[in-house]
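Chemist: Residue 489 is where the sequence shown ends in our numbering, and the numbering goes up by one at each step.
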Amino acid sequence: MELDYDNIRKQSAIPKASSMIETFRAIGYSLETAIADIIDNSISAGAKNIRLNRFWRGGKSIITIGDDGCGMNNEELVQALCPGGQNPLDDRSATDLGRFGLGLKTASFSQCRKLSVISRKEGYSPVYWSWDLDYIAQSDKWELIQWIPDEFKHALDDKKSGTIVIWTDLDRVVPPETSETNQNAQEKFSHSLDRVKRHLEMTFHRFLENKSITIFWGEHPIEPWNPFCTDEPATQNRPEESIGLGSGAKMKGYILPHRNQFSSEAAYKRAEGINGWSAQQGFYVYRGNRLLLAGDWLGLFRKEEHYKLVRIQIDLPNTLDFDWQIDIKKSKAYPPSKCLEQLRSYANEVRSAGCEVYRHRGRILKQKAGVCFQPLWLEKKKDNKWSFVVNRDHDMIKHIKKMAEVKPEQAIETLLKFIEEAIPTETIYIDKAQNDAEQKQPYSDMDTNLVKSMLATMYENQLAQGMSDVQAKAYLKSIEPFNYYEDIIDEL
Ligand SMILES: Nc1ncnc2c1ncn2[C@@H]1O[C@H](COP(=O)(O)OP(=O)(O)OP(=O)(O)O)[C@@H](O)[C@H]1O
Ligand SMILES: [Mg+2]
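Structure, rendered in structure tokens:
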């Protein structure tokens, strides 16, 4: 229905600055997603060098993110600091990592009470402005103040162009009253920043790898972290597939090597990622080469230990932002429902290959060396029921048998120990979760003659030790596995 706005009464309802700006703080950034959002802007501004500096001063600590991008003149800086300065519906160039016209403000306010930006566009003098939440709380006005900490006033004097974002009063990172000598707090600060560093190594790894940008951590450039370990010779990759028709989205699966097949233990450790092997499995969603989501099954599957080697990259152009519901923080994406089946079936194929690598553990390596691998436990399938049996032909079992001729006690203890240690719990767990066949019921195909003769001997022993018939039978029924054979016991 078309409304006739000219003939309807109006009432202005302007947001209250002091409360609205506090709401911006609650979008849910972490320190690492907030800093990544600021770096997005530097990349969109064509920066080659981006530098993150942190100054520990207790409650007065400072974080700065500087770049040598195109910078802004006064008018552009004011526009940049204005929330919603750009319409999310506008088309953006393919290399622009922004969308909402909010990130600079929301990411900053999520961490600090004062956001200052100094910027210089080529051919202009440096300009600076700040949002100060304390001033807005007092004035209740959407007003910037022309202030930055003194030490940064001349930071761009000798630069052609660039921008520095300065966060002070970092109340969400360091409590305001923290003293500079508080070691605990200082450690916590540096620990949070270590996480940021690792997050940036991951989020921007493609830019770092192709050297289109360098991110300096203080003075030192950070190293890219590639989730797919593409330079490990044993990494397997799956053919790339387009998602949907002509959308420009595509995916490609990788199966990382088993620990034994990594080129070194250090490489295996590094591949683990920030959150650990199991947590890092899943889809890795990139938007314009920037990683949005690192290890998430997008609601299609649960994370499980035996899929920990599976990582699948998805590449999205920014024209799909609305279809995939990209959020302001650039840390979420929801696939459109029409793609779900395709994602599920592609992932299923990669997941089962990944599970194979996980299950085979050391075997492949050993077979490659030309030696036949001898597992201690064998997987057995009979009448469509699976179970595990100890491998009687295992050379160690043969050796223990020989040992039993001379040192029976020690041989039995050794045998029990090895069997205990080697119980294939992981594989049993996977079989339970995945195998269409059923697990064989315990003792369902046990040789009853063996049980009978064992029971008879033990029953005689108990009687010889003075137990009555009733006592001896009750006693035998309390011992596993004889509790499954009450009938045989009653017949004794
Ligand atoms: N480092 C920078 N160098 C040059 N211009 C910048 C820089 N940071 C921000 N800007 C300008 O400020 C604008 C607003 O940035 P902001 O991060 O708030 O929104 P956005 O990047 O447009 O979208 P999004 O909310 O998705 O991040 C940008 O569009 C850009 O024009
Ligand atoms: Mg932005």
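Cβ coordinates follow ideal geometry from the N, Cα and C atoms, glycine included.
Alpha carbons only, please: which of W214, S176, P439 and I323 is nearest the one belonging to L94?
Modeler: Closest by alpha carbon: I323.
Chemist: So what does DSSP say about K470, is it helix, strand or coil?
Modeler: Assignment of K470 by DSSP, reduced to helix, strand and coil, places it in the helix class.
Chemist: For I416, is the classification buried or exposed, using 16 other Cβ atoms within 10 angstroms of its Cβ as the cut-off for buried?
Modeler: Looking at its Cβ environment, which holds fewer than 16 other Cβ atoms inside 10 Å, I416 is exposed.
Chemist: For K111, is the classification buried or exposed, using 16 other Cβ atoms within 10 angstroms of its Cβ as the cut-off for buried?
Modeler: Answer is buried; the Cβ neighbour count reaches 16.
Chemist: Quick check for students: name the residue ranges of the beta strand (DSSP E) that lie wholly in the region 149 to 203, counting only runs of 3 or more.
Modeler: 159 to 165
Chemist: Which residues share a DSSP beta bridge with V75?
Modeler: Bridge partners of V75: none, in fact.
Chemist: Just confirm the distance between the C-beta atoms of G55 and E177, as a whole number of angstroms; I'd bet it's less than 8 angstroms.
Modeler: G55 to E177, Cβ: 4 angstroms. Contact.
Chemist: Please list, in chain order, all residues of the same chain as Q518 whose beta carbon is under 7 angstroms from its beta carbon, the five residues on each side excluded.
Modeler: Nothing about residue 518 can be reported from this structure: the residues present for the chain run from -2 to 489 only.
Chemist: Count the other CB atoms, across all protein chains shown, that sit within 10 Å of the CB of S90; report buried if there are 16 or more and exposed otherwise.
Modeler: Burial call: exposed.
Chemist: Which residues does DSSP pair with W128 in a beta bridge?
Modeler: Under DSSP, W128 takes part in a beta bridge, and its partners are L112.
Chemist: Identify whether L447 lies in helix, strand or coil by the three-state DSSP scheme.
Modeler: In this structure, L447 counts as helix in the three-state DSSP scheme.
Chemist: Could you compute how far the alpha carbon of D392 sits from the alpha carbon of I409?
Modeler: Between the alpha carbons of D392 and I409 lies a gap of roughly 16 angstroms.
Chemist: Beta-carbon separation of L49 and I62 under 8 angstroms?
Modeler: With a cutoff of 8 angstroms on beta-carbon distance, L49 and I62 are scored as near each other.
Chemist: Should G463 be labelled buried (16 or more other beta-carbon atoms within 10 Å of its own) or exposed?
Modeler: exposed
Chemist: In whole angstroms, what is the alpha-carbon distance linking E477 and A461?
Modeler: 22 angstroms
Chemist: What do you get for R202, buried or exposed, if any count of 16 or more other CB atoms within 10 angstroms of its CB means buried?
Modeler: According to the sequence provided, residue 202 is His. The question's Arg does not apply to it. Burial call: buried.
Chemist: Suppose contacts are defined by Cβ-Cβ distances below 8 angstroms. Is I536 in contact with L167 by that definition?
Modeler: Nothing can be reported for residue 536, as the shown portion of the chain is limited to -2 through 489.
Chemist: If I follow the unbroken beta strand (DSSP E) through G292, where does it start and stop?
Modeler: R287 to D293
Chemist: Classify G100 as helix, strand or coil using the three-state DSSP reduction.
Modeler: helix
Chemist: Pull the bridge partners of G56 from the DSSP assignment, please.
Modeler: As DSSP reads the structure, G56 sits in a beta bridge with R54.
Chemist: At the level of alpha carbons, what is the spacing between H151 and I47?
Modeler: 18 angstroms
Chemist: Can a CB atom of chain C be found closer than 8 angstroms to the CB of L130?
Modeler: Absence of chain C from the displayed structure is noted, only one protein chain being present.
Chemist: Helix, strand or coil for H396, going by three-state DSSP, please let me know.
Modeler: helix
Chemist: Can L205 and P221 be called in contact, C-beta distance under 8 angstroms?
Modeler: yes
Chemist: Considering only the alpha carbon of each residue, which of G351, I309 and L295 lies closest to S328?
Modeler: Per the C-alpha coordinates, the member of G351, I309 and L295 positioned closest to S328 is L295.
Chemist: Mark L306 as exposed unless 16 or more other C-beta atoms lie within 10 angstroms of its C-beta, in which case mark it buried.
Modeler: buried
Chemist: For H255, which three-state DSSP category applies?
Modeler: If DSSP states are grouped into helix, strand and coil, H255 belongs with coil.
Chemist: Thinking K326 and T30 are a contact (beta carbons under 8 angstroms), I'd like their distance in whole angstroms, please.
Modeler: 5 angstroms
Chemist: Would you say L288 touches ligand 3, meaning its beta carbon is less than 7 angstroms from a heavy atom?
Modeler: In terms of ligand content, the structure shown lacks ligand 3 and carries ligand 1 and ligand 2 instead.
Chemist: Considering K377, what are the terminal residues of the beta strand (DSSP E) in which it resides?
Modeler: K377 -> beta strand (DSSP E) spans W374 to K379.
Chemist: Would you mind stating whether L197 and I32 have Cβ atoms separated by less than 8 angstroms?
Modeler: yes
Chemist: State the DSSP-derived secondary structure class of F21, mapped to helix, strand or coil.
Modeler: Note: F21 maps to helix in three-state DSSP.
Chemist: Compute the Euclidean distance between the alpha carbons of I425 and S441, then round it to the nearest angstrom.
Modeler: 18 angstroms
Chemist: Within 10 angstroms of its Cβ, does L447 collect 16 or more other Cβ (buried), or is it exposed?
Modeler: Exposed: under 16 other Cβ atoms inside 10 Å.
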